[in-house]
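> Numbering (the working numbering), first residue to last: 559 to 920.
The C-beta atom is built at its ideal place from N, Cα and C for all residues, glycine as well.
This structure is a prediction, so every number in the text was calculated from the model and none was measured.
If you scroll down you'll find the structure; I have some questions about it.
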Ligand code: IPM
Ligand code: MG
């Protein structure tokens, strides 16, 4: 297969981790007879510096016609001025919207080798295997808002949802749950928020189409607690945009480190292979404090490239090969700094990528 992958390396550690993911994709391509071409495009802070906008039109055009998009991370202190007209994060939100990527899949699976790296007790972590589906193009991120500005003293955001927006992400989550352990948890704040009451009503309605599913509706505050107290009881979890953002940072602690977690954002656009055009990114940020030192963990980006192969190119065997290679490197006791503990060997970003490539070759 030939595939064109748009790479939005972004800022901070973004370029360091996407370079390792590209290396691994190239190696997997060589092993299985595929040719992946990488088309580097600008987004985020560097795009603001070079082209004056966080999301250039050329980037959107390239992404729309690609087979998949691989993203590093955006943002950094250089662009943190709250009064700036444009911000790196705006580019990220705008490309999610431009590609209509309404479902963000964030699998949280604990690699047993990393139990010691988690802040949570081993007995609580045993069996954790979650798929959080975060709605990605609605809610407070995109609703009507008012900025207070320099002299204003009033500001607001609006958590706005429509029935079709809820239906499509709940349906996608239900389908995912059908392919897993048939358990689906919908998270809302229906005791307080009007948008959550709509969410709950539409969810109940859509899930009538899936009588086989075991369904639970949980309030977001309680969910924050359950995720730490009994995370292994959940399987697929679906929630609106802002709740999903918060819960997935929390859930990442179940996997030992944010540096381990990949994500896939999917919508309704199809690529040349008649599969969903998706954007794949580690859930961690641009980590400006460690950028440029080649110590960042590239495994989340590498595991994101495995999700890319699976969801946008239909290459399941190849995706599984990357996941197995990552497992094998972890089994050898090799770690980047963020997941290191007594008895492991600490390596940098590039060496970690090289080791995954070597493991693929075995
Ligand atoms: C994420 C990030 C982004 C978000 C930021 C960088 C805008 O936290 O992808 O989870 O809030 O969606
Ligand atoms: Mg986040």
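(1) Output the residue ranges of the beta strand (DSSP E) runs that lie fully inside the region 569–632 and measure 3 residues or longer, sorted by chain position.
(2) Mark residue 899 as exposed unless 16 or more other C-beta atoms lie within 10 angstroms of its C-beta, in which case mark it buried.
(3) Are the C-beta of residue 701 and some C-beta of chain D separated by less than 8 Å?
(4) Beta-carbon within less than 6 Å of residue 818's beta-carbon, same chain only, minus the 5 sequence neighbours each way: which residues are those?
(5) With 16 as the cutoff for other CB atoms within 10 Å, does residue 806 come out buried or exposed?
(6) If we ignore side chains and look at the alpha-carbon of each, how far apart do residue 761 and residue 731 end up?
(7) Can residue 809 and residue 869 be called in contact, C-beta distance under 8 Å?
(8) Please return the same chain residues whose Cβ sits closer than 7 Å to the Cβ of residue 581, not counting the five positions on each side in sequence.
(9) Using alpha carbons as the reference points, say which of 667, 695, 694, 671 lies closest to residue 685.
(10) Is DSSP giving residue 755 helix, strand or coil here?
(11) Give every residue of the same chain whose Cβ lies closer than 7 Å to the Cβ of residue 740, excluding the five residues on either side of it in the sequence, and list them in chain order.
(12) Between the Cα of residue 705 and the Cα atoms of 820, 777, 640, which residue gives the shortest distance?
(13) Since residue 691 sits in a beta bridge, which residues does DSSP pair it with?
(14) Can you find a heavy atom of the ligand IPM that lies under 7 Å from the Cβ of residue 571?
(15) With distances taken Cα to Cα, identify the nearest neighbour of residue 722 among 687, 764, 737.
(16) I'd like to check one pair, residue 799 with residue 699: are the Cβ atoms closer than 8 Å?
(17) Within the present structure, is the beta-carbon of residue 633 separated from the nearest heavy atom of the ligand IPM by less than 7 Å?
(18) Would you please state the rounded distance, in angstroms, between the beta carbons of residue 863 and residue 583? I believe it to be under 8 Å.
(19) One question on the structure: do residue 726 and residue 690 come within less than 8 Å of each other, judged by their Cβ atoms?
(20) Return the CA-CA distance between residue 790 and residue 673, expressed in angstroms with no decimal places.
(21) Starting from residue 840, trace the beta strand (DSSP E) in both directions and tell me its first and last residue.
(22) Going straight from the alpha carbon of residue 884 to that of residue 834, what length do you get?
(23) Can at least three beta-carbon pairs, one atom from the region 591–603 and one from the region 654–663, be found at a separation below 8 Å?
(24) State whether the region 847–855 contacts the region 584–592, with contact taken as three or more CB pairs (one from each stretch) at a distance under 8 Å.
(25) Quick check on DSSP: helix, strand or coil for residue 869?
(26) Residue 756 and residue 804 - do their beta-carbons sit closer together than 8 Å?
(27) Quick one: grab the DSSP three-state call for residue 563.
(28) In chain order, what residues of the same chain lie with their CB nearer than 7 Å to the CB of residue 719, ignoring the 5 residues before and after it?
(29) Answer yes or no: do residue 783 and residue 745 have a C-beta to C-beta separation smaller than 8 Å?
(30) Who are the near neighbours of residue 774 in its chain, counting only those whose CB is closer than 6 Å to its CB and skipping five residues on each side?
(31) Let me confirm a value: residue 920 is counted as buried when at least 16 other C-beta atoms fall within 10 Å, else exposed. Which label applies?
Let me lay it out:
(1) 593–598, 626–631
(2) exposed
(3) Absent here is chain D; the protein component of the structure consists of one chain.
(4) 857, 858
(5) buried
(6) 11 Å
(7) no
(8) 911, 915
(9) 667
(10) helix
(11) 770, 771, 772
(12) 640
(13) 663, 796
(14) no
(15) 764
(16) yes
(17) yes
(18) 5 Å
(19) no
(20) 14 Å
(21) 834–840
(22) 25 Å
(23) no
(24) no
(25) helix
(26) no
(27) strand
(28) 696, 697, 753, 756, 757, 798
(29) no
(30) 743
(31) exposed
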